[in-house]
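Sequential numbering of the sequence shown, starting at 733, is according to our numbering.
Heads up, the beta-carbon is just placed ideally off N, CA and C, and yes, glycines get one too.
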Amino acid sequence: MPIRGNVDTRIGYVRSGRLDAVVLAAAGLIRLGRIGEATELLDADHVLPAPGQGALAVECAASSVALAARLAEIDDPSTRVAVTAERSLLAALEAGCSAPVGALADLLGDGQAVTEMRLRGVVGTLDGTTLVQLSTTGPVPASPSVAADLGRVLAAELLAKGAAGLMGERAL
733 MPIRGNVDTR
743 IGYVRSGRLD
753 AVVLAAAGLI
763 RLGRIGEATE
773 LLDADHVLPA
783 PGQGALAVEC
793 AASSVALAAR
803 LAEIDDPSTR
813 VAVTAERSLL
823 AALEAGCSAP
833 VGALADLLGD
843 GQAVTEMRLR
853 GVVGTLDGTT
863 LVQLSTTGPV
873 PASPSVAADL
883 GRVLAAELLA
893 KGAAGLMGER
903 AL
């Protein structure tokens, strides 16, 4: 059953008995102060989030040099490369915002330093019965452009494994 609407609407489907459950982003429930309504949290090892899930981007006019400098102070380069890789994967798949695509870039290390980034991607059928899942691990990208390349490469591998036929929609 396709569902649309805000958190109240989606939870309302469960409370009314129309659905047995809904899957919502924990980040959104936390932001709304409603995480206590979750009955189960799904681990990313079992269900990958949407690309860029939980990341916050702030932009300003290019002419606002002072504001851009202030915003640069709160930029997290590790988060930037991770989210860039995830979003690049989504863009290279030409997937729409409701396509069944998940991606997660994890920064890995030995507890002392981050040394690698693992990018995982999954594309499924709309009903979830068929999945194509791949991952790649390598050095932490030195720049967002290198991270974007990583996302494009993994997307190409997913497409080569048949991902395009699974998504049900492509944004062209």
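If we count the other Cβ atoms within 10 Å of its Cβ and call it buried at 16 or more, is residue i buried or exposed?
i       : result
Ala-903 : Low local confidence applies: a pLDDT of 46 at Ala-903 is under 50, so the model's placement there is unreliable, with the coordinate-based value given in what follows. Exposed, since its Cβ has fewer than 16 Cβ neighbours within 10 Å.
Glu-769 : exposed
Leu-764 : exposed
Met-733 : exposed
Ser-875 : exposed
Gly-883 : buried
Gly-870 : exposed
Leu-907 : The requested residue 907 is not part of the displayed model; the chain covers only 733 to 904.
When you compare the CB of residue i with every CB in chain B, is at least one pair closer than 8 Å?
i       : result
Pro-734 : The structure shown has no chain B; it contains just one protein chain.
Rounded to whole angstroms, what's the CA-CA distance from residue i to residue j? Just pull it up for me.
i       : j       : result
Arg-747 : Glu-772 : 16 Å
Arg-802 : Gln-844 : 28 Å
Thr-862 : Glu-826 : 19 Å
Val-864 : Val-854 : 6 Å
Ala-888 : Ala-814 : 18 Å
Glu-805 : Ala-837 : 23 Å
Gly-784 : Ser-810 : 13 Å
Cys-829 : Arg-766 : 24 Å
Arg-850 : Leu-840 : 7 Å
Val-808 : Leu-788 : Before going further, note that residue 808 is Asp rather than Val in the sequence given. Taking the straight line joining both Cα atoms gives about 11 Å.
Ala-782 : Gly-749 : 27 Å
Ala-757 : Gly-897 : 26 Å
Thr-847 : Leu-751 : 43 Å
Ser-796 : Val-790 : 13 Å
Ala-892 : Leu-799 : 43 Å
Leu-866 : Leu-821 : 12 Å
Val-694 : Ala-794 : Nothing can be reported for residue 694, as the shown portion of the chain is limited to 733 through 904.
State the start and end residues of the unbroken alpha helix (DSSP H) segment that holds residue i.
i       : result
Thr-816 : 809 to 825
Thr-741 : 739 to 747
Ser-877 : 876 to 892
Ala-758 : 758 to 763
Arg-802 : 797 to 806
Does any heavy atom of the ligand FMN sit closer than 7 Å to the C-beta of residue i?
i       : result
Glu-889 : For the ligand FMN, the structure offers nothing, since it holds no ligand at all.
Name the two residues that bound the continuous beta strand (DSSP E) containing residue i.
i       : result
Val-864 : 863 to 871
Leu-836 : 833 to 841
Thr-847 : 846 to 856
Contact defined as beta carbons within less than 8 Å: I believe residue i pairs with residue j. What is the distance between those atoms, to the nearest angstrom?
i       : j       : result
Leu-886 : Thr-868 : 6 Å
Ala-753 : Ala-817 : Going by Cβ atoms, the distance from Ala-753 to Ala-817 rounds to 30 Å, so no, they are not a contact pair.
Arg-852 : Ala-831 : Actually they are not in contact, since the Cβ atoms of Arg-852 and Ala-831 sit about 16 Å apart, beyond 8 Å.
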